[in-house]
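According to this note's numbering, the sequence shown holds residues 590 to 870 in order.
The C-beta atom is built at its ideal place from N, Cα and C for all residues, glycine as well.
Have a look at the structure below before the remarks.
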Amino acid sequence: MMMNRLRSLRSLALLLCVAVFMSGCATFSGKQSAGQKLDPWESWNRKVFSFNEGLDEHVLKPVATVYADVVPHPVRTGVSNFFNNVGDAWSAVNLVLQGRFSLALQQGFRFAVNSTLGFAGVLDIATEAGIDRNSQDLGQTFGRWGFGTGAYIVWPLFGPSSVRDSLALPWDRLASPALAFDDGRDKVGIYLLQTVNTRSNYLQAGEMLDGIALDKYTFIRDAYLQRRGSFSTDDDDYEVLTPGSAASASQSAPAASAAASAPASAAAASSPSVAASAPDQ
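Below you can see the structure in the form of structure tokens.
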């Protein structure tokens, strides 16, 4: 009798083990999310993401915090406006390449107004006059030409990207005030100023994201891909993976953009598209 009960218990335990194993297999082989499908190199990307986070935590964030404490808010706003103005010029070029000439004219007019009346863009007169910013980069232009996003990539120092945006990155990086200087030290100084100033604008948003994101890597990846995944048919230039995700992307994008850019070094934060999206604190 006892032996029969032991056999029954063994059989039940075996069945439970098989059930747990099959459940795990079903989960593993289940349907992937849109973000997972575009992240075939997740293992490597997570390692790079951790490296960037460490660099930000120990170097960039402390420097940006001191910078924000020492430099008055109006001065930091003026620095942001100056770099954003350069980004506006690059956006106008990309709008022309996209064949969106009316928006290109508006963006070019915005750049002209701020460059003259706004003292080289230090004052954002155009926004006060109702001329909205339409930030564009070469990655978006490639998307307009029909190039798909491609796989998600996290670059050391540069942060989140994709195959398409990585191809555009060298040209986007050239659109910087640093090009006006021949001396290498001056170029580095401009990039560092843009980096620290941009990171200082993201301090509060980054802390907010740390508090709400269970998996910061996944949150930033999905928000990035929602914004960069595919072009919508209208001219509002909002990029989403699926039409239904636009609402959620609009809520998560600011915090995710902040965290995505925060770990980046001069190369990432000095990108016109990143600088243009920096919120004023």
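Can you tell me whether residue i is buried or exposed? The criterion is at least 16 other CB atoms within 10 Å of its CB, across all chains shown.
i           : result
residue 690 : exposed
residue 637 : buried
residue 657 : buried
residue 617 : Confidence at residue 617 is low in this model, with a pLDDT of 40, below 50, so its placement is unreliable and no value can be given for it.
residue 629 : exposed
residue 775 : exposed
residue 885 : No statement about residue 885 is possible, as the shown extent of the chain runs from 590 to 870 and does not include it.
residue 742 : buried
residue 719 : exposed
residue 833 : Only weak support is given to the placement of residue 833: the predicted model assigns it a pLDDT of 33, under 50, and the value that follows is read from those uncertain coordinates. Result: exposed.
When you compare only the Cα positions, how much space is there between residue i and residue j?
i           : j           : result
residue 757 : residue 781 : 22 angstroms
residue 665 : residue 804 : 31 angstroms
residue 847 : residue 793 : Unreliable positioning characterises residue 847 in this predicted model, as indicated by a pLDDT of 48, which lies under 50. The coordinate reading is nonetheless provided below. So the alpha carbons of these two residues sit roughly 9 angstroms apart.
residue 787 : residue 652 : 12 angstroms
residue 712 : residue 677 : 14 angstroms
residue 669 : residue 675 : 10 angstroms
residue 770 : residue 777 : 10 angstroms
residue 773 : residue 733 : 35 angstroms
residue 686 : residue 764 : 15 angstroms
residue 808 : residue 789 : 21 angstroms
residue 662 : residue 730 : 34 angstroms
residue 627 : residue 736 : 15 angstroms
residue 631 : residue 745 : 14 angstroms
residue 671 : residue 659 : 19 angstroms
residue 816 : residue 749 : 12 angstroms
residue 673 : residue 622 : 34 angstroms
residue 755 : residue 633 : 16 angstroms
residue 768 : residue 707 : 21 angstroms
residue 705 : residue 801 : 42 angstroms
Report the three-state DSSP secondary structure of residue i (helix, strand or coil).
i           : result
residue 656 : helix
residue 748 : strand
residue 809 : helix
residue 791 : coil
residue 714 : helix
residue 779 : helix
residue 801 : helix
Here's a check: name, in chain order, each residue in its chain whose Cβ is nearer than 6 angstroms to the Cβ of residue i, leaving out the five neighbours to either side.
i           : result
residue 715 : 699, 702, 703
residue 624 : 810, 811, 814
residue 766 : 675, 779
residue 647 : none
residue 725 : 680, 683, 684
Residues in its own chain within less than 8 angstroms of residue i by CB, not counting five upstream and five downstream?
i           : result
residue 723 : 680, 684, 692, 695, 696, 826
residue 650 : 788, 792, 795, 851
residue 667 : 711, 712
Residues in the same chain with beta-carbon distance under 7 angstroms from residue i, minus the five sequence neighbours each way, listed in chain order, please.
i           : result
residue 739 : 751, 752, 753
residue 635 : 806
residue 727 : 683, 757, 760, 761
residue 785 : 652, 653, 656
Let's see if you can read the secondary structure: which residues bound the alpha helix (DSSP H) around residue i?
i           : result
residue 677 : 662 to 686
residue 704 : 690 to 705
residue 642 : 631 to 644
residue 733 : 727 to 733
Is there at least one non-hydrogen atom of the ligand ATP closer than 6 angstroms to the beta-carbon of residue i?
i           : result
residue 676 : With respect to small molecules bound, the structure shown includes none, and the ligand ATP cannot be examined in it.
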